[in-house]
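Add 18 to a position in the sequence shown, counting from 1, and you land on the number used in our numbering.
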Amino acid sequence: MTHERGYDLASQVLNICNVHHKKLFCHITYRHLLVLSSDENGCVILKKVITIADDFLKDEFLDLIAQHAHSLSMHDLGISLIQHVLELDFTKKTTQDDKRLHELMAEFDEVLSTSVTADVDKLHKLASKLMLDSDLFFEFVITRRGSLMIQIILGKSEEVDQVILAGVKQRFIDVTTNFYGYRIMIQTIKVFKKRGDLKVYDQILRLIGVHALYLTKDPDMGNKTFQHHQDCTTFIACGLQSHYIELSFLKHGSKIVEMLIDDRISMVPLVLLMMEIVKCDEDTLVRLATDEYGNNILKKFLALAKEHKEDFFGDLVDKLNPLLDSLRGTLGENIVAIIDSETEMVKDRIVSQGNN
């Protein structure tokens, strides 16, 4: 479909084939949307297919385009595809149940449809109008239609971008933990970074750190935020202070703790975890060592401490030594093996030094 002959053939197929074959062709096109969207001929076919598709498949296309709106908005063909989808009556009907939201989106539609380079002043006024109500802003960005609009508006002017940034910061938790909202946050950061404004990136990193504990409660989008922004390890580490052991007992929480202490640049997470371990009582330490997820964190911590912070390793060995009998024959047997091995090595060193 991306070659001239393939494009002509695809156009003929769409014009003359029966309903069953058209549906089959639509499904094939759906599977190759990202490849086709980056080619001029492919993009034309895509638009035709989406236009003739039944409502069920239109909904699938809308979903897929909303999911990949960020990458599509990086090139003119992708933007033209997003605009085409936004102009469909089907897309417009997706927000008709909310009159206020629907009317505002109609205003955006009018401005965006005037030309590829939409009137920036009008866009700024509309974006500012959106910001008058933070609930309305949030509802706007988490709909597929609204998310697509914001994706193609971002980057048109610094004034518009500043308004959207203010909205993201005001409803940071809600936006970040929503599938479509998260993508708006990522796109906002990239727009400002591209413009050379690194202060915005730093502001977002700090916000992630401030809300780190809350974000851990969202196993999906919260964890994704941490993984995507590894530059803010120290901010996240400080935001989770006094909660490392608590998180280590949870499947998703232990993944966050492991990611933090495994950071090769910042030692802050390792120090904070050590502070918690030193303070915790023996029962908690035994539970941690015998827990499915906690055991892995303790094992990881011992390995990292031995590699980077031998004083931490020695302190933890001293704290665990009196508990080894409680751990034998349990899931904590691997911790016992590490401590026993270290004890034997120390004894061998002492004997070796004595012989010399």
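Glycine is no exception: its CB is placed at the ideal position from the N, C-alpha and C atoms.
The structure displayed is predicted, hence computed values, not measured ones.
Spatial distance of residue i from residue j (CA atoms)
i	j	result
alanine 355	glutamine 85	47 Å
lysine 111	lysine 41	22 Å
aspartate 179	isoleucine 171	8 Å
serine 260	threonine 47	51 Å
glutamate 362	glycine 332	14 Å
valine 129	methionine 123	10 Å
threonine 308	threonine 243	29 Å
asparagine 339	arginine 346	12 Å
isoleucine 318	lysine 217	Sequence inspection shows lysine at residue 318; the isoleucine mentioned does not correspond to that position. Taking the straight line joining both Cα atoms gives about 34 Å.
leucine 288	leucine 268	18 Å
lysine 212	glutamate 176	12 Å
cysteine 61	methionine 277	40 Å
valine 159	phenylalanine 197	10 Å
glutamine 169	aspartate 280	34 Å
proline 237	asparagine 314	19 Å
arginine 139	threonine 206	Here the sequence assigns aspartate to residue 139, which means arginine is not the residue at that position. Cα to Cα, the separation comes out at about 19 Å.
leucine 148	leucine 154	7 Å
tyrosine 219	isoleucine 202	14 Å
valine 53	isoleucine 295	51 Å
valine 297	valine 209	Residue identity check: residue 297 is lysine in the sequence provided, not valine. Roughly 44 Å separates the two Cα atoms.
valine 275	lysine 327	17 Å
isoleucine 63	isoleucine 97	15 Å
Residue i, DSSP secondary structure in three states
i	result
lysine 317	helix
phenylalanine 267	coil
cysteine 250	helix
proline 340	helix
cysteine 298	coil
proline 237	coil
lysine 147	helix
arginine 282	coil
histidine 50	coil
methionine 92	coil
alanine 184	helix
isoleucine 160	coil
arginine 201	helix
leucine 106	coil
glycine 332	helix
threonine 195	coil
aspartate 309	coil
Same chain, Cβ closer than 7 Å to residue i, neighbours up to 5 away in sequence not counted
i	result
glycine 227	Cys250, Phe253, Ile254, Cys256 and Gly257
leucine 80	Val103, Thr109 and Arg162
aspartate 137	Val129
glycine 271	Thr234 and Leu265
lysine 65	Leu99 and His102
8 Å Cβ cutoff, residue i in contact with chain D
i	result
glycine 350	The question asks about chain D, but that chain is absent: this structure has only one protein chain.
Which listed residue (the options) has its alpha carbon closest to that of residue i
i	options	result
serine 55	Leu291, Glu300, Leu75 and His102	His102
lysine 76	Glu105, Met293, Leu349 and Val193	Glu105
isoleucine 357	Lys327, His326 and Ala321	Ala321
alanine 145	Val335, Gly185, Leu82 and His120	Gly185
lysine 235	Lys337, Ile83, Ile222 and Thr194	Thr194
serine 433	Asp137, Gln188, Lys174 and Met292	Only positions 19 to 374 of the chain appear in this structure, which leaves residue 433 out of reach.
arginine 49	Asp72, Ile70, Thr69 and Glu78	Glu78
aspartate 299	Leu334, Thr69, Cys44 and Ile202	Leu334
aspartate 107	Leu51, Asp73 and Glu125	Asp73
arginine 282	Leu291, Glu325 and Ile263	Glu325
Own chain residues within Cβ distance below 8 Å of residue i, not counting five before or after
i	result
isoleucine 191	His229, Tyr232 and Leu233
leucine 95	Ser55, Ser56, Asp57, Glu58 and Cys61
histidine 142	Ser175, Glu177, Val178 and Val181
threonine 378	In the structure as shown, the chain begins at 19 and stops at 374. Residue 378 is therefore absent and cannot be evaluated.
isoleucine 100	Ile83, Ala87, Leu90, Ser91, Leu166, Gln169 and Ile170
glutamate 351	Leu345
lysine 273	Asn241
aspartate 116	Glu157
Proximal residues to residue i (C-beta, below 6 Å), its chain only, five neighbours per side dropped
i	result
valine 375	Only positions 19 to 374 of the chain appear in this structure, which leaves residue 375 out of reach.
leucine 225	Phe190
glycine 312	Ser266, Phe267 and Leu306
glycine 173	Val209
histidine 292	The sequence given here places methionine at residue 292; histidine does not occur at that position. Excluding positions up to five away in sequence, the list reads Phe330.
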